[in-house]
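Chains as they are written, first to last, in the numbering used here: chain Y, 1 to 339; chain R, 1 to 339. Ideal placement from N, C-alpha and C gives every residue a C-beta, glycine not left out. Notes for the one structure printed next.
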DNA sequence: CAATTCTGCTTCATCGATTGAGCAAGCGAG
DNA sequence: CTCGCTTGCTCAATCGATGAAGCAGAATTG
């Protein structure tokens, strides 16, 4: 069965010939609207059978070219290396398919240039709609889409040009900080400012989380120590280096920390283990993100899990309803039970 | 700038009109082969500038429809919820892009029907090549591809119809088992058979790993306890239930276990914590897979990490070279340093 | 029985890019 | 001045699917 010449694919014209009918009848039958086009059930069945037999497969490029809407939906996503983005992508695909849409996804590794390139590529493939997840510059992407007449939605990080769906970062961070402060006070009997590590100071999420972090300190009557706010980026190495730096700078390290993602936590934990600080007793941690194995690391870690199902429901509601009013929908994250 | 009527996209015909030339010249210029088509540098520059100004974007559907090859490459992947598949997808995308290919990926959630559907969808989109990662029935997919004259490669799980790239599961499992046996003997002074949990008994990887597991037992002079070989599926719940079941069945639980993926480990760890067995002392674990937080769970866990970069190098070598000889390339996994 | 409606198709233009074939102008050689 | 070659383009067919418009023949209506 090995053919060196690539098998010519069956087209509707081939089927038309075999069925002794026209390509247009074949198209009508196979696209399911043969009733509308008044094709007899008999012919419909014959064509369907032949298509089956010949292993006919629609050429989507031709179909999309001709049609008004492509039914292709694009998503760009920063990384695949954590449960948060992993579940976003997995559920996005499933929900797209449920709606008869074909999802295409591109991972941009937080590279702004790649984000733009990926968005352009998706437009070239005629996506009907583009979801920019955690994009560095969502407005730039929205502009590109708008120029092409394509709808866009921001997810995870908000923009100002198209609707956005994000976590309620302030509320999540506030609650998380509160818990870590309480845990510290309970175990060490002292009210002391926490350390904040991870994320980019310039991104909306991080600044909202810092705001929640401050608010919780204020509520507890603790003054935030500004040198302990380390928005050094998300990557593990960056968090690790930030910890190294701060350890050299301050005399005593705080007994509680707010870590701005599991990715940053990876670096923080590495540093805690390697440096030998906290060898006596682990600090209380709060992680703005969830991972099942982090949950097993011990009861000194609190987590908030972003509510991916609800976030995607909101995204698809915007898409399905065709709404384009400029709003930011904030989904409360879930505070995980420790242990 | 809000236009309710979707902006008509600029085409080569629009540019041709603006430049006072023909669509064919525009196409030649923008596709980069204007030298071949003997277009003057002057006109080329004019067209390029106009395209820029007008925000022209190629319509890939039209382009692909006309061209011989689509330069689209497809991958199907079971899940996004672990680092292994996450890094496969991330690197696959990057390597595809490097080669000027457009990657499209579908997550099939280990659903055989969805695998087939996804493969068909990709063929409809005219992929030049399809990579079936961890597919339940790789040969079925290969057949579908072959009928359409499309190349296919299996990754992670081997098939018999097209080339495959997989981990050396036997060697990895052998070494992993060996280490766990040694750890048990060192700590507990007893040579006892380990428990094997996770994976599907019918899949190649699991059976090879069980073979490695057996071989290591044989080498150590330990008889495998057949009731302790639990190939119950990958999902955490399945592993958890299997553990529950076995705990009720046997008197004393083994002090060492081989866990067939981080996903299964999730369930195993949950059970260990909830059941209260092993409250005195954690069992020695070996996990066929890697995760940074699992590595932090303690020094009682050994891991082997599948060598994703080398696996994908092998995949793309097959693709780039156009080789289609039926072979299974086994890539040795990496034994992680504990701690 | 003629007029109208309905049924079951076919014809043809179209979507946007690509490419082989061809054509006119310019230029140098003879 | 003519032949042949090069340069710099244009023309038109093509990829496969879609759907508006149209056209015979059968069935129904007044």
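Against chain Y, the beta carbon of residue 250(R) has no neighbour under 8 Å; the closest one sits roughly 24 Å away.
Judged by pairs of C-beta atoms under 8 Å, the region 235-252 of chain R does not touch the region 160-179 of chain R, as fewer than three such pairs exist.
Residue burial annotation: residue 40(R) is exposed, with fewer than 16 other C-beta atoms found within 10 angstroms of its C-beta.
Uninterrupted alpha helix (DSSP H) stretches at least 4 residues long and entirely within the region 29-55 of chain Y occur at 41-54, given in chain order. For residue 236(R), the enclosing alpha helix (DSSP H) stretches over residues 236-249. The continuous alpha helix (DSSP H) containing residue 63(Y) extends over residues 60-66. It is roughly 17 Å from the alpha-carbon of residue 51(R) to the alpha-carbon of residue 143(Y).
Annotated as distal: residue 111(Y) and residue 54(Y), with beta-carbon spacing of 8 Å or more. Chain R places no beta carbon closer than 8 Å to that of residue 154(Y), leaving this residue out of the contacts.
Against residue 58(R), the close residues of chain Y are 124, in the order they occur along the chain (beta-carbon pairs closer than 9 Å). Going by DSSP, residue 321(R) is part of no beta strand (DSSP E) but of the alpha helix (DSSP H) stretching over 308-321. For residue 115(R), the secondary structure class from DSSP, reduced to helix, strand or coil, is helix. Across the structure, residue 140(Y) and residue 104(R) are spaced so that their CA atoms are roughly 23 Å apart. Interface annotation for the region 60-76 of chain R against chain Y: 60, 61, 62, 64 and 65, criterion Cβ-Cβ distance under 7 Å. Against residue 89(R), the close residues of chain Y are 80 and 107, in the order they occur along the chain (beta-carbon pairs closer than 8 Å).
Considering only beta carbons, the part of the region 290-323 of chain R lying closer than 8 Å to chain Y consists of 291, 292, 293, 294, 296 and 297, in chain order. Taking a contact as a CB-CB distance under 8 Å, the pair residue 78(Y) and residue 134(Y) counts as one, their CB atoms being some 4 Å apart.
Approximately 5 Å separates the beta-carbon atoms of residue 287(R) and residue 303(R); this is inside 8 Å, confirming the contact.
Excluding five sequence positions before and after residue 152(R), the CB atoms of its chain that fall closer than 6 Å to its own CB belong to 130, 142, 145 and 162, given in chain order.
For residue 186(R), the uninterrupted alpha helix (DSSP H) segment begins and ends at 169-188.
Counting only residues of its own chain and dropping the five nearest sequence neighbours on each side, residue 218(R) has no CB closer than 6 Å to any other CB. Secondary structure at residue 297(Y): coil, using DSSP grouped into helix, strand and coil. Residues of chain R with a Cβ closer than 9 Å to the Cβ of residue 140(Y) do not exist, since the nearest Cβ in that chain sits about 13 Å away. Nearest to residue 106(Y) by alpha-carbon distance, out of 97(Y), 92(Y) and 337(Y), is 92(Y). Beta bridge pairing from DSSP links residue 153(R) with 131(R).
Straight across, the Cα-Cα distance linking residue 254(Y) with residue 224(Y) is about 11 Å. Here residue 335(Y) carries a strand assignment [DSSP, helix/strand/coil]. The straight-line gap separating the alpha-carbon atoms of residue 48(R) and residue 30(R) is approximately 7 Å.
The residues 184, 222, 254, 255 and 256, in chain order, have a CB closer than 8 Å to that of residue 192(R) in the same chain once the five nearest residues on each side in sequence are set aside. Under the DSSP assignment, residue 285(Y) falls in the beta strand (DSSP E) whose first and last residues are 284-288.
Chain Y places no beta carbon closer than 8 Å to that of residue 32(R), leaving this residue out of the contacts. Contact between residue 305(R) and residue 336(R) holds, since their C-beta atoms are separated by about 5 Å, short of 8 Å. Of the candidates 324(R), 320(R) and 178(R), the residue whose Cα lies closest to the Cα of residue 71(R) is 320(R). Beta-bridge annotation (DSSP): residue 104(R) is paired with 74(R). Residue 138(Y) sits buried, since 16 or more C-beta atoms from the chains shown fall within 10 Å of its C-beta.
Taking the CA atoms as reference points, residue 11(R) sits about 15 Å from residue 68(Y).
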